[in-house]
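Here's the structure, in structure tokens; my notes come after.
2 protein chains.
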Amino acid sequence: MLEAVDMSVKMKKKEYKAAFDELAPKLGELQRTAKEKGVPVVLVVEGWEGSNKGSLVNQLLQALDPRGYLFIAPPGRGEERYPFLIPYWEITPPAGKMTILAGSWYREVLRRRLEKGEHAKDYSGVFRDICAFERHLADSGTVVLKFFCHMEKKEQKKRLEARAADPDLSWSVSERDWLENREYDSFLFCAEEMLSFTGTEYAPWTVVAAGSFEFAAWKILSTVERVLRERLSGEEWPATGGVLGGVEYEKSAALSTTEPDGDLSAKEYEKQLAALQSELKSLEIRVFRESLPVILLFEGVDAAGKGGAIRRITEALYPMNYTVHPVGAPNDLERSHHYMWRFWKDFPRFGHIAVFDRSWYGRVLVERVEGFCSPAEWHRAYREINETERHLTDFGTLLLKFWLQIDQEEQLRRFESRHDDPFRAWKLTDEDWRNREKWDDYQKAAGEMLVRTGTPYAPWTVVATNSKRLARIKILTTVTEGIHKALEGRADRVSGELRNTKRKKA
Amino acid sequence: MLEAVDMSVKMKKKEYKAAFDELAPKLGELQRTAKEKGVPVVLVVEGWEGSNKGSLVNQLLQALDPRGYLFIAPPGRGEERYPFLIPYWEITPPAGKMTILAGSWYREVLRRRLEKGEHAKDYSGVFRDICAFERHLADSGTVVLKFFCHMEKKEQKKRLEARAADPDLSWSVSERDWLENREYDSFLFCAEEMLSFTGTEYAPWTVVAAGSFEFAAWKILSTVERVLRERLSGEEWPATGGVLGGVEYEKSAALSTTEPDGDLSAKEYEKQLAALQSELKSLEIRVFRESLPVILLFEGVDAAGKGGAIRRITEALYPMNYTVHPVGAPNDLERSHHYMWRFWKDFPRFGHIAVFDRSWYGRVLVERVEGFCSPAEWHRAYREINETERHLTDFGTLLLKFWLQIDQEEQLRRFESRHDDPFRAWKLTDEDWRNREKWDDYQKAAGEMLVRTGTPYAPWTVVATNSKRLARIKILTTVTEGIHKALEGRADRVSGELRNTKRKKA
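Just so you know, the protein sequences line up as chains A and B, in that order.
Heads up: the first sequence at position 371 corresponds to 842 in my numbering, and the numbers run straight through without jumps.
Heads up: the second sequence at position 348 corresponds to 819 in my numbering, and the numbers run straight through without jumps.
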């Protein structure tokens, strides 16, 4: 693919200057239109070391209004403790803003791959994650623009040598830069594979011949201008693609957990609880020392006992090792982003336990039932969620999901008891009563969710919580067993996976 | 101070359990009241290694609603590249939320000081910065609670030995922990000094005898309960203390810059501009390599040419090395925080250039004139700003502040020319016309600002911009000269200062 690029193109300084002066105000205008229409834009510039990526990007920045963009040099350290997409999700633009990256998620399949000598290895899992990421953005209305600045081996060598000979700049030529030139063919292979696997209709690549600075700058500016102009004209925004086939799920079999007989005595419960909590305490040390990221996710019917169950877990843990994320309605900033954005920043690092009290499943529960998103959006969400969870579990994260279920009569009893207790009355809101009226809608949504997002790598555990004691014991048992299994599974495949090879103490 | 603590106090498990059950719902209630009243709370737990700080904090977390607090273990790496308060400002709570810290800004004057063997050194600058930080929070209505968990040398040794002997926990005892016990007396000295220098009426310390876990947990919980109850009852919220004496500044002499005679020819301007930009380009490399943080701050009359001046600077720079921060009205999240909060996260790291297009001076300009804050608040702001800028410049940051001034007639001409230009008409808003009507109020505010915040470490440069060419040359000259001077000054005092001793390549 890259061999076919015409590298002889040139542009005169003066010619470029005139083109810049013509393009700059147009770009400014388009930026304001994007803002008015609330369209987010992501712009990626990748390419060879020495291809002047930084200065090329600066030409674009000069043409833009700083109020409308965020420029990101590669995110900082510590990232190997997280699934690799996390720092990039964090800087995706809200409605109407633009994020410009020199050094993007493609480092994972270009530079890092080369540094690790892994150009022969199968990277399809990483390509799948990248495509899913870009599709999630594009489907929600983000314009994704990607540039690859291409250079020939000889020209790159010439530029590196010139830099190394300049006393002001020699410090900036690293061993890594020379490696890229020495291993030009391996890098070329990685770049070609990347371009072909991730050049999609929703996020296409533009290859830029970077031999002539002026030509390359013009190519980038004019492409940005043209694509934005095309995408911002017309009314077909935001995109609504990616809808899955509409299988209807009526009240799901998954929800009809038979109520277990009887209950535990208070004494027996305290005994089992203490034993399980003590086991969890020792497991916590192993989780930390063996760098296992853990997500415990709780969804369920209102008043089914999520809070109490979570407390039985956290009271056994050390506060440095866990975080509870209570999920409510999104705030203004969160609302101006992709719906998954606010969860990405809370995914746990190596050795940390993240407890979600409600979660991203709100998209296919409350947002679906209350009409806060369109049918196309919540239909699409099942796949988006599965892809996201796969990204996490591929990284090595243990993801345990619980659905807590009570029946309608029990819910009424609990609402009334809350209402009468001065210290718990605040827990009961008008919204709880309103949701109760939509009981059947919520049950239908929950049933479909359990079926569509119960995956081998991130299964649901449905817990009947009419007996709180039995439910808490079941949840704690599932958690301890799950952690045990994950820690044992890890021992078997230590060297097998991409990012797990890098495990360090958090 | 610590010698006087009665370390023999004890509490029975059962007794503590009963106290917890009584305190927990009260704390939950107070947390909700704080939320309703919009009162933020900061809670710090410091103390000896081995004093069970983590588990003590976990007792408190069990009593609280996770929706209302954020628990912070020490912020991560990379922080030595920033002034030390930055990561802590970032996690100060918005209205109605609580931040709980185990490992706070006091690490700087406890652990780090010990590790660096600097207990004999003068830390008053750091204490001053910490007190200013806590006063800024307290004055804006935040409740600041601080606990120091105290232990005796013998008891600490016993606990460390017990941990080291436990096969499950021995890994967790570090050389640093033993250091603290070996150098108990030095640590005690640092702790005593810290307690006496930073125990203030707006942020007092509570020393906790941590020999008995139950007693210590009860002490913390009951103190939090009592202080919150006291602070949340009554109507005297938020605090309005800290007002400076109300010297009135009429139209300031600082603003009456005489208009320079004549102008530059286009040719002469291009020549001087190119020379200055090329100088800035080489200085930029030194800024990066010698790890100098730089802030270039622009305030001024509407249409005085801030944007154009900034562009003449940034077009000479490499995008990885600078960030332009355009400052507009705060968003919802920012509004729920201290007014300085949003700026702290944008202060530059080592070797980075941050350009502020408007800034925190909005507090004493637009917010003052438009009545968005009370007179007590903007009066207080001069001192708060000076303290903040001192913190930055003590760290080694070069801070250059520009006020761009045109007269009323020139502003009108520029408004009208914008109005007539299709590509620039968007720059002119109704707000600009409204602000123009308050010309005198803005000039009065600017004059007072220049006098009150023109400090030896962060001086203002007032630039008459009726001639854009002369103004841009003057600004670029001030910037290059300022950077030159800062780089030379640094060479003289490399080992002289607290945090500069740690300079690393960014």
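For each residue, glycine too, the CB sits at the ideal point set by N, CA and C.
None of these values were measured; they are calculated from a predicted model.
Have a look at B:K508, B:W904, B:E507, B:Q502 and flag the residue whose alpha-carbon is nearest the alpha-carbon of B:L514.
Distance check between B:L514 and each of B:K508, B:W904, B:E507, B:Q502 places B:Q502 closest, using alpha-carbon atoms only.
A:L715, DSSP secondary structure in three states
In this prediction, A:L715 has a pLDDT of 42, which is less than 50 and means its spatial position is unreliable; nothing more can be read from the coordinates.
Alpha carbon to alpha carbon, how far is B:L640 from A:K956? Give it in angstroms, no decimals.
Rounded to the nearest angstrom, the two C-alpha atoms are 22 Å apart.
Reference A:K508, options A:M569, A:T936, A:T948, A:L863, closest by Cα:
Ranked by Cα distance from A:K508, the options A:M569, A:T936, A:T948, A:L863 are led by A:M569.
Who are the neighbours of A:P797 on chain B, taking C-beta pairs under 7 Å?
Ordered by position in chain B, the residues that pass the 7 Å Cβ test against A:P797 are P537, R538.
Since B:V528 sits in a beta bridge, which residues does DSSP pair it with?
Partner(s): none; B:V528 has no beta bridge.
How many whole angstroms separate the CB atoms of A:L947 and A:R783, which I take to be in contact at a CB cut-off of 8 Å?
Rounded, the Cβ-Cβ distance is 6 Å, consistent with contact.
Give the DSSP-derived three-state secondary structure of A:P790 in the structure shown.
Three-state result, A:P790: helix.
Rounded Cβ spacing between B:L581 and B:C661 (contact assumed at less than 8 Å):
Taking C-beta atoms under 8 Å as the contact rule, B:L581 and B:C661 qualify, at a distance of about 6 Å.
Nearest chain B C-beta to A:R503 closer than 7 Å, yes or no?
Closer than 7 Å: yes.
Does the beta carbon of A:V528 sit closer than 7 Å to a beta carbon anywhere in chain B?
Yes, A:V528 lies at the interface with chain B (some Cβ there is under 7 Å from its Cβ).
Give a yes or no on whether the minimum CB-CB distance between B:I766 and chain A is below 7 Å.
So, not an interface residue.
Taking CB distances under 7 Å as the criterion, tell me whether B:Q533 reaches chain A.
Judged by the 7 Å Cβ criterion, B:Q533 is in contact with chain A.
Near-chain E residues of the region 797-831 of chain B (beta-carbon distance less than 8 Å), N- to C-terminal order
Protein chains in the displayed structure are A and B, and chain E is not among them.
N-terminal and C-terminal residue of the alpha helix (DSSP H) that B:F827 is part of:
In the DSSP assignment, B:F827 falls outside any alpha helix (DSSP H) and within the unbroken beta strand (DSSP E) covering 824-828.
Does DSSP put A:T504 in a helix, a strand or coil?
Of the three classes helix, strand and coil, the one that applies to A:T504 here is helix, per DSSP.
A:E605 to B:D734, Cα distance in whole Å?
Those two C-alpha atoms are separated by around 52 Å.
Got a sec? Which residues, its chain only, sit under 8 Å from B:L535 by beta carbon, not counting five neighbours each side?
The residues are L498, G499, Q502, M569.
Please return the same chain residues whose Cβ sits closer than 6 Å to the Cβ of A:R895, not counting the five positions on each side in sequence.
Around A:R895: R889.
Please confirm if B:W689 has its CB atom under 7 Å from at least one CB of chain A.
So, not an interface residue.
In the DSSP assignment, what are the bridge partners of B:Q876?
DSSP output for B:Q876 lists B:A935 as bridge partner(s).
Interface residues of chain A around B:S753 at Cβ under 9 Å?
D639, listed in chain order.
Could you tell me whether the region 899-916 of chain B touches the region 823-831 of chain B, where touching means 3 or more Cβ pairs closer than 8 Å?
Judged by Cβ distances under 8 Å, the region 899-916 of chain B makes no contact with the region 823-831 of chain B, as fewer than three pairs qualify.
The beta strand (DSSP E) spanning A:F843 covers which residue range?
Where A:F843 is concerned, there is no enclosing beta strand (DSSP E), given that its DSSP letter is neither H nor E.
Can you grab the Cα-Cα spacing for the pair A:Q882 / B:V476, in whole Å?
If you take the alpha carbons of A:Q882 and B:V476, they lie about 51 Å apart.
Should B:G842 go down as buried or exposed, given a rule of 16 or more other Cβ atoms within 10 Å for buried?
By the 10 Å Cβ count, B:G842 comes out exposed.
For B:E663, tell me which candidate among B:H796, B:E474, B:L494, B:G567 has the shortest Cα-Cα distance.
If we check each option's Cα against that of B:E663, B:E474 comes out closest.
Compare the C-beta of B:I557 with all C-beta atoms of chain A and state if any pair is closer than 7 Å.
So no, B:I557 is outside the interface.
Are the region 610-622 of chain A and the region 512-532 of chain A touching, with three or more C-beta to C-beta distances below 8 Å?
The answer is yes - the region 512-532 of chain A touches the region 610-622 of chain A, with three or more Cβ pairs under 8 Å.
Can you give, in chain order, each stretch of the beta strand (DSSP E) that sits fully within the region 624-650 of chain A and has at least 3 residues?
Those beta strand (DSSP E) runs which fall completely within the region 624-650 of chain A and span 3+ residues do not exist here.
So what does DSSP say about A:W560, is it helix, strand or coil?
Under the three-state reduction of DSSP, A:W560 is assigned to helix.
Euclidean distance between Cα positions of B:V615 and A:F886:
Whole-angstrom Cα-Cα distance: 36 Å.
How many angstroms separate the CA atom of A:G953 from the CA atom of A:E786?
Going from the Cα of A:G953 to the Cα of A:E786 covers about 19 Å.
Run through DSSP, which three-state label would A:P797 get?
Of the three classes helix, strand and coil, the one that applies to A:P797 here is strand, per DSSP.
Which of the three DSSP states, helix, strand or coil, is assigned to B:F618?
Three-state result, B:F618: strand.
Grab me the residues of A:L631's own chain with a C-beta within less than 8 Å of its C-beta, minus the 5 sequence neighbours each way, in chain order.
E520, G521, V644, D648, W649, N652, listed in sequence order.
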